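Numbering (my numbering), first residue to last: 10 to 198.
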């Protein structure tokens, strides 16, 4: 089944829902003292900081677990969440075709991540969210058995507004679409 791009009607509904959720998340998150997003250097493992490779990062990943205010409220039971990352060095960005299956259809949300001077640190944006910039950090990466590409990556996004964290996204990605329970649990440790 070919993924469908979201229609303007879907986008308007999603944006409205996101605004409501972000306002609600701000009041809820304040109880937990979410006042400041961590900096990239506070999150990245030494392995990623010293060895991150765009070539090893490129390709298709499946989201095995998530913590994200945007996916589940919009689609209560998303399936086959995947991210196809294509590096464009001339434009200094990663074209990320983010797709999830929901309500019997596959929906793609085109995301773009500008490269920065720090390895594994990007500035994400999408037409669907207007001028919002998603600071994105590759926190950790695990090589596959051949050592030629990353088998798993952990990404973290965080946005602050008015001295509160209003968005946190954590994406546990794997090249394996159908991972065993043990594999997923080892990744979440």
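Each residue gets a CB set at the ideal place from its N, CA and C atoms; glycine is no exception.
Predicted, not measured: the structure shown is a model, and the values here were computed from it.
Within the segment 47 to 96, complete alpha helix (DSSP H) segments of at least 4 residues are found at 49 to 52, 55 to 60, 63 to 66 and 80 to 83, given in chain order.
In the displayed model, residue 138 falls within a helix according to three-state DSSP. When DSSP states are grouped into helix, strand and coil, residue 195 belongs to the helix group.
Short of 6 Å from the beta carbon of residue 130, and not among the five residues preceding or following it, lie these beta carbons of its own chain, in chain order: 49 and 146.
Out of 71, 170 and 158, the CA that lies nearest to the CA of residue 63 is found in 158. By the Cβ neighbour-count rule, residue 133 is buried, with 16 or more other Cβ atoms within 10 Å of its own. Within the DSSP secondary-structure output, residue 161 pairs in a beta bridge with 151 and 183. An exposed status is given to residue 60, since fewer than 16 other beta-carbon atoms sit within 10 Å of its beta-carbon.
Here residue 116 is not near residue 124, since their CB atoms are 9 Å or more apart.
A direct Cα-Cα distance of roughly 15 Å separates residue 160 from residue 74.
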